[in-house]
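Novice: Let me give you the structure first, and then I'll get to my questions.
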Amino acid sequence: MSTSSPVSTTQEANRRDGDTKSKPVAIRTFDIAISSSKNVTIRITEPALLADNLPLETWASSSILAAELHKHPITFPTSHLIDFSSPPPPSPSPVSPNIIPILELGAGTGLVGLTASLLHHHPTILTDLPPIVPGLVANIALNNPLFPRSHPPILAGVLDWTCPTTLSLPSPSPLDLPASSTKAHVILAADTLYSADHPLLLTDTVTKWLSRDKDARFVMATALRVAYLEELRELWERLEGAGLACLDEGKGMAREEDFDDERLVEWSFWAWKQESGETGV
(Lines of atoms letter the chains of each structure in order from A and count residues from 1; the text may use other names and numbers.)
(Lines give C-alpha, C1' and ligand atoms only; values in the text may rest on other atoms or scores of the structure.)
Protein backbone atom coordinates (compact mmCIF):
# COMPACT_ATOMS: atom_id res chain seq x y z
CA MET A 1 0.00 0.00 0.00
CA SER A 2 1.35 3.42 -0.93
CA THR A 3 0.84 6.68 0.93
CA SER A 4 1.27 10.15 -0.50
CA SER A 5 2.82 12.93 1.52
CA PRO A 6 0.59 15.76 2.79
CA VAL A 7 1.20 19.26 1.49
CA SER A 8 3.35 21.44 3.73
CA THR A 9 4.26 25.12 3.67
CA THR A 10 6.72 27.25 5.63
CA GLN A 11 6.34 30.69 7.17
CA GLU A 12 8.21 32.74 9.75
CA ALA A 13 7.15 34.08 13.12
CA ASN A 14 8.99 35.84 15.92
CA ARG A 15 9.92 33.93 19.05
CA ARG A 16 11.28 35.38 22.26
CA ASP A 17 14.80 34.15 22.98
CA GLY A 18 15.25 34.41 26.74
CA ASP A 19 14.09 37.86 27.83
CA THR A 20 16.31 39.98 25.61
CA LYS A 21 15.43 39.71 21.96
CA SER A 22 13.12 38.23 19.38
CA LYS A 23 14.31 36.08 16.52
CA PRO A 24 12.49 34.56 13.54
CA VAL A 25 11.56 30.89 13.79
CA ALA A 26 10.22 28.75 10.97
CA ILE A 27 6.65 27.51 11.25
CA ARG A 28 5.77 24.69 8.89
CA THR A 29 2.15 23.84 8.18
CA PHE A 30 1.01 20.35 7.25
CA ASP A 31 -2.37 19.63 5.67
CA ILE A 32 -3.21 16.22 7.19
CA ALA A 33 -6.20 13.97 6.48
CA ILE A 34 -7.95 12.70 9.62
CA SER A 35 -10.75 11.03 7.65
CA SER A 36 -11.63 10.35 4.02
CA SER A 37 -13.42 13.70 3.89
CA LYS A 38 -11.69 15.96 6.43
CA ASN A 39 -8.24 17.53 6.58
CA VAL A 40 -6.70 19.64 9.33
CA THR A 41 -3.80 22.06 9.18
CA ILE A 42 -1.20 21.36 11.85
CA ARG A 43 1.44 24.00 12.56
CA ILE A 44 4.92 22.95 13.64
CA THR A 45 7.89 25.00 14.88
CA GLU A 46 11.38 23.60 14.43
CA PRO A 47 13.86 24.98 17.00
CA ALA A 48 17.56 25.17 16.22
CA LEU A 49 18.57 22.07 18.17
CA LEU A 50 20.51 18.91 17.43
CA ALA A 51 19.35 15.44 18.48
CA ASP A 52 22.07 12.79 18.12
CA ASN A 53 23.88 15.27 15.87
CA LEU A 54 20.86 15.59 13.56
CA PRO A 55 18.91 18.85 13.22
CA LEU A 56 15.55 18.76 14.98
CA GLU A 57 13.02 19.03 12.19
CA THR A 58 9.96 17.27 10.85
CA TRP A 59 11.30 14.46 8.69
CA ALA A 60 9.50 12.69 5.85
CA SER A 61 8.61 9.71 8.06
CA SER A 62 6.45 11.86 10.34
CA SER A 63 4.63 13.39 7.39
CA ILE A 64 3.92 10.02 5.77
CA LEU A 65 2.83 8.33 9.01
CA ALA A 66 0.56 11.21 10.01
CA ALA A 67 -1.19 10.89 6.64
CA GLU A 68 -1.59 7.12 7.06
CA LEU A 69 -3.11 6.99 10.55
CA HIS A 70 -6.76 7.60 9.63
CA LYS A 71 -6.81 4.55 7.33
CA HIS A 72 -6.29 2.14 10.24
CA PRO A 73 -9.11 2.15 12.85
CA ILE A 74 -8.04 1.29 16.39
CA THR A 75 -10.32 0.04 19.17
CA PHE A 76 -9.54 1.62 22.54
CA PRO A 77 -10.29 0.08 25.95
CA THR A 78 -12.98 1.58 28.15
CA SER A 79 -11.40 1.10 31.58
CA HIS A 80 -8.20 2.12 33.40
CA LEU A 81 -7.58 4.94 30.88
CA ILE A 82 -5.56 7.85 32.28
CA ASP A 83 -7.15 11.21 31.44
CA PHE A 84 -4.75 13.41 33.48
CA SER A 85 -7.56 15.60 34.80
CA SER A 86 -6.25 14.40 38.15
CA PRO A 87 -3.24 12.30 39.19
CA PRO A 88 -3.79 8.68 38.11
CA PRO A 89 -4.77 6.35 40.93
CA PRO A 90 -2.40 3.56 41.92
CA SER A 91 -2.67 0.65 39.51
CA PRO A 92 -4.72 -2.16 41.06
CA SER A 93 -2.19 -4.72 39.79
CA PRO A 94 0.30 -5.34 36.98
CA VAL A 95 -2.47 -7.35 35.33
CA SER A 96 -4.69 -4.23 35.24
CA PRO A 97 -2.30 -1.31 34.68
CA ASN A 98 -3.24 2.30 34.13
CA ILE A 99 -3.44 2.90 30.38
CA ILE A 100 -2.06 5.86 28.44
CA PRO A 101 -4.25 5.87 25.31
CA ILE A 102 -1.61 7.30 22.93
CA LEU A 103 2.15 7.57 23.51
CA GLU A 104 4.66 8.89 20.97
CA LEU A 105 8.32 7.92 21.33
CA GLY A 106 11.10 10.14 20.02
CA ALA A 107 8.40 12.62 19.09
CA GLY A 108 10.75 15.33 17.80
CA THR A 109 8.36 18.06 16.72
CA GLY A 110 5.21 16.10 17.61
CA LEU A 111 3.42 15.99 14.25
CA VAL A 112 2.41 12.32 14.47
CA GLY A 113 1.21 12.49 18.07
CA LEU A 114 -0.80 15.66 17.45
CA THR A 115 -2.44 14.02 14.44
CA ALA A 116 -3.27 10.89 16.45
CA SER A 117 -4.84 12.97 19.22
CA LEU A 118 -7.04 14.81 16.72
CA LEU A 119 -7.99 11.56 15.04
CA HIS A 120 -8.77 9.42 18.08
CA HIS A 121 -9.84 12.04 20.68
CA HIS A 122 -7.92 10.40 23.51
CA PRO A 123 -5.31 11.69 25.97
CA THR A 124 -1.89 11.73 24.34
CA ILE A 125 1.69 12.02 25.60
CA LEU A 126 4.51 13.13 23.30
CA THR A 127 7.91 12.06 24.63
CA ASP A 128 11.55 12.73 23.85
CA LEU A 129 14.77 13.66 25.64
CA PRO A 130 14.80 16.72 27.98
CA PRO A 131 16.20 19.29 25.48
CA ILE A 132 13.42 18.42 23.01
CA VAL A 133 10.45 18.64 25.37
CA PRO A 134 10.11 22.48 25.39
CA GLY A 135 9.67 22.38 21.61
CA LEU A 136 6.94 19.78 21.99
CA VAL A 137 5.21 21.97 24.56
CA ALA A 138 5.41 24.89 22.12
CA ASN A 139 3.88 22.86 19.29
CA ILE A 140 1.06 21.64 21.50
CA ALA A 141 0.29 25.27 22.41
CA LEU A 142 0.62 26.41 18.79
CA ASN A 143 -2.12 23.99 17.75
CA ASN A 144 -4.51 24.72 20.63
CA PRO A 145 -7.02 26.38 18.23
CA LEU A 146 -7.59 22.96 16.62
CA PHE A 147 -8.76 21.42 19.87
CA PRO A 148 -12.11 22.22 21.50
CA ARG A 149 -12.11 22.92 25.24
CA SER A 150 -13.52 19.44 25.82
CA HIS A 151 -10.65 17.72 23.98
CA PRO A 152 -8.63 15.28 26.12
CA PRO A 153 -5.24 16.60 27.27
CA ILE A 154 -2.06 16.44 25.20
CA LEU A 155 1.11 16.48 27.30
CA ALA A 156 4.85 16.39 26.68
CA GLY A 157 7.27 14.39 28.80
CA VAL A 158 10.64 12.69 29.01
CA LEU A 159 11.15 9.04 28.17
CA ASP A 160 14.80 8.04 27.79
CA TRP A 161 15.17 4.77 25.88
CA THR A 162 18.40 3.96 27.71
CA CYS A 163 16.40 3.87 30.94
CA PRO A 164 12.80 3.32 29.80
CA THR A 165 11.29 2.27 33.10
CA THR A 166 9.90 5.74 33.92
CA LEU A 167 8.07 8.42 31.95
CA SER A 168 8.44 11.88 33.53
CA LEU A 169 5.86 14.61 33.02
CA PRO A 170 7.22 18.02 34.07
CA SER A 171 3.87 19.85 33.88
CA PRO A 172 1.21 20.81 34.80
CA SER A 173 2.66 19.27 37.96
CA PRO A 174 5.67 16.92 38.05
CA LEU A 175 4.63 13.30 37.77
CA ASP A 176 6.59 10.09 37.18
CA LEU A 177 4.77 7.17 35.59
CA PRO A 178 6.46 3.76 36.03
CA ALA A 179 6.31 1.22 33.22
CA SER A 180 5.68 -1.47 35.82
CA SER A 181 2.14 -0.17 36.46
CA THR A 182 1.46 2.03 33.41
CA LYS A 183 1.10 0.92 29.80
CA ALA A 184 0.22 2.54 26.48
CA HIS A 185 -2.52 1.31 24.18
CA VAL A 186 -1.01 2.91 21.07
CA ILE A 187 2.70 3.63 20.70
CA LEU A 188 3.89 5.76 17.79
CA ALA A 189 7.45 6.12 16.51
CA ALA A 190 8.46 7.99 13.36
CA ASP A 191 12.03 8.31 12.10
CA THR A 192 13.54 6.90 15.26
CA LEU A 193 16.14 4.69 13.59
CA TYR A 194 19.45 6.46 12.95
CA SER A 195 21.91 4.67 15.23
CA ALA A 196 23.19 1.10 15.54
CA ASP A 197 21.86 1.12 19.12
CA HIS A 198 18.30 2.03 18.21
CA PRO A 199 16.87 -1.41 17.23
CA LEU A 200 17.63 -2.79 20.69
CA LEU A 201 16.68 0.39 22.58
CA LEU A 202 13.41 0.92 20.69
CA THR A 203 12.35 -2.72 21.02
CA ASP A 204 13.10 -2.67 24.74
CA THR A 205 11.10 0.53 25.23
CA VAL A 206 8.13 -0.68 23.19
CA THR A 207 7.92 -4.03 24.98
CA LYS A 208 8.10 -2.33 28.38
CA TRP A 209 5.31 0.13 27.61
CA LEU A 210 2.91 -1.50 25.12
CA SER A 211 -0.25 -2.84 26.74
CA ARG A 212 -0.88 -6.58 26.35
CA ASP A 213 -4.41 -5.88 25.12
CA LYS A 214 -5.13 -7.67 21.83
CA ASP A 215 -6.13 -4.32 20.30
CA ALA A 216 -2.96 -2.50 21.41
CA ARG A 217 -0.82 -1.26 18.54
CA PHE A 218 2.76 -0.23 17.88
CA VAL A 219 2.91 2.01 14.80
CA MET A 220 6.17 3.08 13.20
CA ALA A 221 7.56 4.71 10.08
CA THR A 222 11.17 4.80 8.94
CA ALA A 223 12.86 6.52 6.02
CA LEU A 224 14.57 3.89 3.86
CA ARG A 225 18.05 5.35 4.16
CA VAL A 226 20.66 3.02 2.67
CA ALA A 227 22.94 3.60 5.66
CA TYR A 228 20.35 2.15 8.08
CA LEU A 229 18.66 -0.67 6.16
CA GLU A 230 20.48 -3.26 8.26
CA GLU A 231 19.23 -1.57 11.43
CA LEU A 232 15.68 -1.66 10.05
CA ARG A 233 15.98 -5.41 9.37
CA GLU A 234 17.36 -5.89 12.87
CA LEU A 235 14.47 -3.91 14.36
CA TRP A 236 11.91 -6.11 12.61
CA GLU A 237 13.70 -9.23 13.84
CA ARG A 238 13.82 -7.94 17.40
CA LEU A 239 10.15 -6.93 17.40
CA GLU A 240 9.13 -10.35 16.08
CA GLY A 241 11.42 -12.05 18.59
CA ALA A 242 9.77 -10.06 21.39
CA GLY A 243 6.34 -11.43 20.47
CA LEU A 244 5.00 -8.77 18.10
CA ALA A 245 3.64 -9.38 14.59
CA CYS A 246 3.23 -6.95 11.71
CA LEU A 247 -0.44 -6.52 10.77
CA ASP A 248 0.02 -4.19 7.82
CA GLU A 249 2.84 -2.39 6.08
CA GLY A 250 3.38 -0.10 3.14
CA LYS A 251 5.49 2.64 1.67
CA GLY A 252 5.02 6.32 0.95
CA MET A 253 6.98 8.93 -0.95
CA ALA A 254 7.27 12.43 0.48
CA ARG A 255 7.19 15.42 -1.84
CA GLU A 256 10.56 16.52 -3.16
CA GLU A 257 9.82 20.20 -2.55
CA ASP A 258 9.17 19.54 1.15
CA PHE A 259 12.10 17.30 2.13
CA ASP A 260 15.74 17.12 1.04
CA ASP A 261 16.51 13.94 3.01
CA GLU A 262 15.47 10.39 2.01
CA ARG A 263 11.81 10.66 0.94
CA LEU A 264 10.87 6.97 0.59
CA VAL A 265 9.31 5.83 3.87
CA GLU A 266 8.17 2.43 5.14
CA TRP A 267 5.33 2.33 7.67
CA SER A 268 4.01 -0.64 9.65
CA PHE A 269 1.36 -1.51 12.26
CA TRP A 270 2.14 -4.13 14.91
CA ALA A 271 0.23 -6.11 17.55
CA TRP A 272 1.08 -8.79 20.07
CA LYS A 273 0.93 -12.35 18.77
CA GLN A 274 -1.91 -14.27 20.38
CA GLU A 275 -1.53 -17.73 21.91
CA SER A 276 -3.20 -19.29 18.89
CA GLY A 277 -0.47 -17.80 16.72
CA GLU A 278 -2.81 -15.22 15.27
CA THR A 279 -2.48 -11.48 15.86
CA GLY A 280 -5.11 -9.58 17.78
CA VAL A 281 -7.14 -8.18 14.91
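FYI, the numbering for the sequence shown is 1 to 281, going by UniProt numbering.
From the three backbone atoms N, C-alpha and C, an ideal C-beta is built for every residue, glycine too.
Taking a contact to mean a Cβ-Cβ separation below 7 Å, would you say Leu-126 touches His-70 in this structure?
Specialist: Along the sequence shown, read from residue 1 onward, the residue named residue 126 stands at position 126. Along the sequence shown, read from residue 1 onward, the residue named residue 70 stands at position 70. Cβ atoms of Leu-126 and His-70: not closer than 7 Å.
Novice: Taking just the CA atoms, how far does Cys-246 sit from Val-281?
Specialist: In the sequence shown, counting from the first residue as 1, residue 281 sits at position 281. In the sequence shown, counting from the first residue as 1, residue 246 sits at position 246. Bear in mind that a pLDDT of 39 at Val-281, under 50, signals an unreliable position, so the number given afterwards is only what the model happens to contain. Distance between the alpha carbons of Val-281 and Cys-246: 11 Å.
Novice: On the CB-based measure, 16 or more other CB atoms within 10 Å of its CB, does Glu-68 come out buried or exposed?
Specialist: Position 68 of the sequence shown, counted from the start, is the residue given in the question as residue 68. Its Cβ being crowded by 16 or more others within 10 Å, Glu-68 is buried.
Novice: Less than 7 Å separating the beta-carbons of Ile-44 and Asn-139?
Specialist: Here residue 44 corresponds to residue number 44 of the sequence shown, with the count starting at 1. Here residue 139 corresponds to residue number 139 of the sequence shown, with the count starting at 1. Yes.
Novice: Helix, strand or coil for Ala-156? Go by DSSP, reduced to three states.
Specialist: The sequence position of residue 156 within the sequence shown is 156, counting from 1. Three-state result, Ala-156: strand.
Novice: Is the CB-CB distance between Thr-109 and Thr-58 below 7 Å?
Specialist: Locating residue 109 in the sequence shown gives position 109, where the first residue counts as 1. Locating residue 58 in the sequence shown gives position 58, where the first residue counts as 1. Closer than 7 Å, so yes.
Novice: Decide if the segment 94–105 is in contact with the segment 203–216; the criterion is three or more beta carbon pairs, one per stretch, under 8 Å apart.
Specialist: Cβ pair count under 8 Å is three or more, so yes.
Novice: Tell me which same chain residues have a C-beta within less than 7 Å of the C-beta of Ser-79, skipping the five on either side of it?
Specialist: By one-based count along the sequence shown, residue 79 stands at place 79. None.
Novice: Rounded to whole angstroms, what's the CA-CA distance from Ala-221 to Thr-166? Just pull it up for me.
Specialist: The residue given as residue 221 occupies position 221 in the sequence shown. The residue given as residue 166 occupies position 166 in the sequence shown. Approximately 24 Å, taken between the alpha carbons.
Novice: How long is the line joining the alpha carbons of Ala-184 and Leu-193, rounded to whole angstroms?
Specialist: For the purposes of this step, residue 184 is identified with residue 184 of the sequence shown, where counting begins at 1. For the purposes of this step, residue 193 is identified with residue 193 of the sequence shown, where counting begins at 1. Their Cα atoms are separated by approximately 21 Å.
Novice: Does the count of Cβ pairs from the segment 185–204 and the segment 170–177 closer than 8 Å reach three?
Specialist: No, because fewer than three Cβ pairs between the segment 185–204 and the segment 170–177 fall closer than 8 Å, the two stretches do not touch.
Novice: Assuming contact is defined by CB atoms lying nearer than 7 Å, are Trp-267 and Leu-65 in contact in what I supplied?
Specialist: In the sequence shown, the residue the question calls residue 267 occupies position 267. In the sequence shown, the residue the question calls residue 65 occupies position 65. Contact: yes.
Novice: Does the distance from the CB of Asp-83 to the CB of Pro-123 come in under 7 Å?
Specialist: Locating residue 83 in the sequence shown gives position 83, where the first residue counts as 1. Locating residue 123 in the sequence shown gives position 123, where the first residue counts as 1. Yes, Cβ-Cβ distance for Asp-83 and Pro-123 is below 7 Å.
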